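A short write-up of the structure that comes next.
Protein chains: 2
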Amino acid sequence: MLDVERQCSTLKPETFLAAACRADMQRYKIEIAYDGTNYAGWQIQQNGVTIQEKLQSALGQLDGGPVIAHASGRTDAGVHAQKQVAHFDLAQPRDGETLRRALNAMLPPDIRILSARRVPPSFHARKSAKSKEYRYFIWNAEIVPPYYRHCRAHVRKPLDVGAMAKAARLLVGERDFAAFAANPNREVDSTIRKLSELTIARRGPEIVIRAMANGFLYRMARSLAGLLIRVGEGALNPAEAETILASRARTARVPTAPAEGLFLWNVTY
Amino acid sequence: MLDVERQCSTLKPETFLAAACRADMQRYKIEIAYDGTNYAGWQIQQNGVTIQEKLQSALGQLDGGPVIAHASGRTDAGVHAQKQVAHFDLAQPRDGETLRRALNAMLPPDIRILSARRVPPSFHARKSAKSKEYRYFIWNAEIVPPYYRHCRAHVRKPLDVGAMAKAARLLVGERDFAAFAANPNREVDSTIRKLSELTIARRGPEIVIRAMANGFLYRMARSLAGLLIRVGEGALNPAEAETILASRARTARVPTAPAEGLFLWNVTY
């Protein structure tokens with residue numbers, strides 16, 4: 008209750024009324040998958056259609072008034088989600104499965120609700136998240152299969168997966184990842200994160216990088232992939248991963264890998 | 008030579024001149040991958056853009072005159088190719104790898120040339136083919152990952168892979184597959200084909216049907232998949248596969264499975 012009141016008190020009166028921020032609202036947690044190809048990312052913005060916009064528009068229609076959906080974090084334009092998590096409050100409570108089906112009937116086929124359930128008002132998709140997993144998919148061959156061109160990063164040069172794994176091991180742990188943030192100064196809290204897993208697996212022409220952490224800085228997942236690709240190409244030594252990390256400064260040696268290879272894979276609570 | 012002359016003699020004079028059907032033309036074999044989503048199939052037609060049209064347009068620009076590309080077989084609208092094979096003759100000979108790169112620079116990203124090489128004029132993409140492999144990909148879960156929605160057939164009901172495999176084994180061999188042709192009367196030669204392999208594999212929610220034969224009747228691959236899906240759903244007994252095959256007549260019990268799950272996987276010569 009207190010949490011709801013505090014939230015309400017910070018809203019402008021018109022938003023307060025519009026969002027019908029009442030103590031009797033019901034909070035929902037949803038799991039969403041999306042193909043990020045045709046979206047300007049998760050978050051609503053002036054230029055381009057976003058996933059949040061599509062979801063909020065469907066929710067608004069259902070609930071008969073504006074609904075704000077909060078995700079576990081933003082994803083960039085072109086980035087996909089095997090499982091993104093969001094929460095929102097509805098004035099008209101309904102059963103989770105009914106809500107899931109109703110939303111899927113309204114949403115475009117590149118956004119799918121995997122599950123929906125009622126949660127206590129204390130649940131917050133971003134703040135309550137314990138850890139997140141990203142996976143980065145590389146197609147390492149002369150040609151990407153055309154039907155996978157929007158969901159694999161294309162790297163022509165044969166990658167040395169052993170070297171990539173060596174570099175990856177040097178980055179695991181609770182460290183300052185400022186060197187892997189798009190703009191370390193823009194991070195509101197600290198740039199320290201606990202990277203609990205960073206592994207590389209190859210299956211034929213496909214290479215998958217798995218990164219798990221208690222949180223990711225802005226563009227950190229794509230920056231880790233960018234560094235590992237450079238190591239795999241032989242442009243960087245595996246040991247340089249540690250030097251770059253220790254520098255705590257963004258460098259051109261860490262490129263941001265292309266968006267189409269990245270999947271928000273899972274969020275745990 | 009004789010083959011070329013025979014071909015030329017069957018062409019109308021204007022086509023003869025346009026296609027510059029000369030003994031000094033060079034024949035090429037190409038391997039092509041495509042995402043069939045945005046095409047009305049392989050073959051040129053009035054309504055809708057086709058892969059043959061895109062390819063011939065690029066070849067025509069390169070060669071400075073009309074070029075006809077012959078595929079190992081047609082693929083329907085929405086069907087993909089991990090490896091389709093085609094041949095054509097060029098008046099201006101060029102090295103295979105140069106040709107491959109030039110074509111890829113001209114073609115849209117959903118059509119990719121995997122390889123190109125000179126072959127003797129006796130090579131014919133359809134007539135010289137020894138066997139073909141199709142793979143049919145099913146996503147067997149409540150939701151298809153949105154980024155795979157164009158390249159997986161969606162089946163919600165849990166499929167019994169064991170039953171499917173049982174039915175598949177009854178169809179292997181040199182048999183009359185009239186019951187698995189869209190229109191058995193339209194098949195120009197016989198409806199007998201040698202199905203050398205028909206296997207089912209599951210990996211998590213994904214089920215892959217592999218079909219290898221010396222040739223496939225029109226829509227045979229999707230009809231085999233259609234029957235196997237019905238068996239997997241429990242709507243048909245595995246043993247009924249044999250009865251239906253023996254009937255040599257098309258029946259509503261054999262639906263044509265959706266195009267998006269089908270991939271022309273390989274053609275061997």
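Note that the protein sequences, when read in sequence, are chains Y and L. Everything in the first sequence is counted per our numbering, starting at 8 for the first residue and increasing by one. Everything in the second sequence is counted per our numbering, starting at 8 for the first residue and increasing by one. Every residue, glycine too, gets a C-beta built ideally from N, C-alpha and C. Note that this is a predicted model, so its numbers are computed, not measured.
Suppose contacts are defined by Cβ-Cβ distances below 7 Å. Is residue i in contact with residue j by that definition?
i, j, result
"W272(Y)", "R142(Y)", "yes"
"A185(L)", "A132(L)", "no"
"Y225(Y)", "A188(Y)", "yes"
"V238(Y)", "A170(Y)", "yes"
"G55(Y)", "A47(Y)", "yes"
"N175(L)", "I207(L)", "Asn is not the amino acid found at residue 175(L); the sequence shown has Ala there. Yes; because the gap between Cβ atoms is below 7 Å, this pair is in contact."
"S197(L)", "M219(L)", "no"
"G222(Y)", "R200(Y)", "yes"
Considering only the alpha carbon of each residue, which of the options lies closest to residue i?
i, options, result
"Q114(L)", "R229(L), L62(L) and A228(L)", "The question names Gln, but residue 114(L) is Leu in the sequence shown. Nearest C-alpha to L114(L): L62(L)."
"M227(Y)", "E247(Y), Q59(Y), V261(Y) and K134(Y)", "V261(Y)"
"K173(L)", "S135(L), I236(L) and D196(L)", "I236(L)"
"A264(Y)", "A65(Y), A248(Y) and R229(Y)", "R229(Y)"
"T44(Y)", "E267(Y), V274(Y) and G239(Y)", "E267(Y)"
"T250(Y)", "R182(Y), E140(Y) and T57(Y)", "R182(Y)"
"Q68(Y)", "A232(Y), T198(Y), A109(Y) and Y154(Y)", "A109(Y)"
"P153(Y)", "E104(L), A88(L), E240(L) and F223(L)", "A88(L)"
"V179(L)", "G103(L), R101(L) and A248(L)", "A248(L)"
"A76(L)", "L177(L), G103(L), N221(L) and Q50(L)", "Q50(L)"
"D167(L)", "K134(L), T105(L), E240(L) and T275(L)", "E240(L)"
"V74(L)", "Q53(L), H157(L), P100(L) and G80(L)", "P100(L)"
"P191(Y)", "R257(Y), P127(Y), A40(Y) and L269(Y)", "R257(Y)"
"N244(Y)", "L177(Y), G80(Y) and R159(Y)", "L177(Y)"
"S138(L)", "G80(L), R159(L) and H157(L)", "G80(L)"
"R209(Y)", "P127(Y), L252(Y) and F144(Y)", "F144(Y)"
"L269(Y)", "S254(Y), L205(Y), L252(Y) and C158(Y)", "C158(Y)"
"L231(L)", "S254(L), A253(L), L205(L) and R255(L)", "L205(L)"
Classify residue i: buried if its beta carbon has 16 or more other beta carbons within 10 angstroms, exposed otherwise.
i, result
"A242(Y)", "exposed"
"A112(Y)", "exposed"
"E38(Y)", "buried"
"D42(L)", "buried"
"D117(L)", "buried"
"R193(Y)", "exposed"
"R13(L)", "Per-residue confidence for R13(L) stands at a pLDDT of 40, beneath the threshold of 50, marking its modelled position as unreliable; the derived number appears in the next sentence. With fewer than 16 other Cβ atoms within 10 Å, it is exposed."
"D70(Y)", "buried"
"N129(L)", "According to the sequence displayed, residue 129(L) carries Ser and not Asn. Looking at its Cβ environment, which holds fewer than 16 other Cβ atoms inside 10 Å, S129(L) is exposed."
"Q59(Y)", "buried"
"V92(L)", "buried"
"E140(L)", "buried"
"D83(L)", "buried"
"K90(L)", "buried"
"T105(L)", "exposed"
"V86(Y)", "buried"
"T275(Y)", "exposed"
"A40(L)", "buried"
Next item on the list: Taking 8 Å as the threshold, find out whether the segment 34–51 of chain Y comes into contact with the segment 90–104 of chain Y through three or more Cβ pairs.
Entry: Verdict: yes, contact present.
Next item on the list: Can you give me, in chain order, the residues of the segment 137–158 of chain L that have a beta carbon less than 9 Å from any beta carbon in chain Y?
Entry: Taking 9 Å as the Cβ-Cβ cut-off against chain Y, the residues of the segment 137–158 of chain L that qualify are E149, I150, V151, P152, P153, Y154, Y155, R156, H157 and C158.
Margin query: Using 8 Å as the cut-off, can you tell me whether the segment 153–163 of chain L makes contact with the segment 117–129 of chain L, which would need three or more C-beta pairs spanning the two stretches below that distance?
Written below: Between the segment 153–163 of chain L and the segment 117–129 of chain L there are fewer than three inter-stretch CB-CB distances shorter than 8 Å, so the stretches are not counted as touching.
Notebook entry, point to check: Between the segment 135–150 of chain L and the segment 206–219 of chain L, do three or more beta carbon pairs fall short of 8 Å?
Noted result: Contact between the segment 135–150 of chain L and the segment 206–219 of chain L is present, because at least three Cβ pairs lie under 8 Å.
Check: At a Cβ cut of 7 Å, what residues of the segment 98–128 of chain Y count as close to chain L, listed as they run along the chain?
Finding: Correct list: P116, D117, I118, R119 and L121.
Next item on the list: Compile a chain-ordered list of the residues in the segment 71–89 of chain Y whose CB is closer than 9 Å to at least one CB of chain L.
Entry: So the close ones are H87, A88 and Q89.
Notebook entry, point to check: Given a limit of 9 Å on CB to CB distance, which residues of the segment 31–53 of chain L reach chain Y?
Noted result: Within the segment 31–53 of chain L, the qualifying residues are A40, Y41, D42, G43 and T44.
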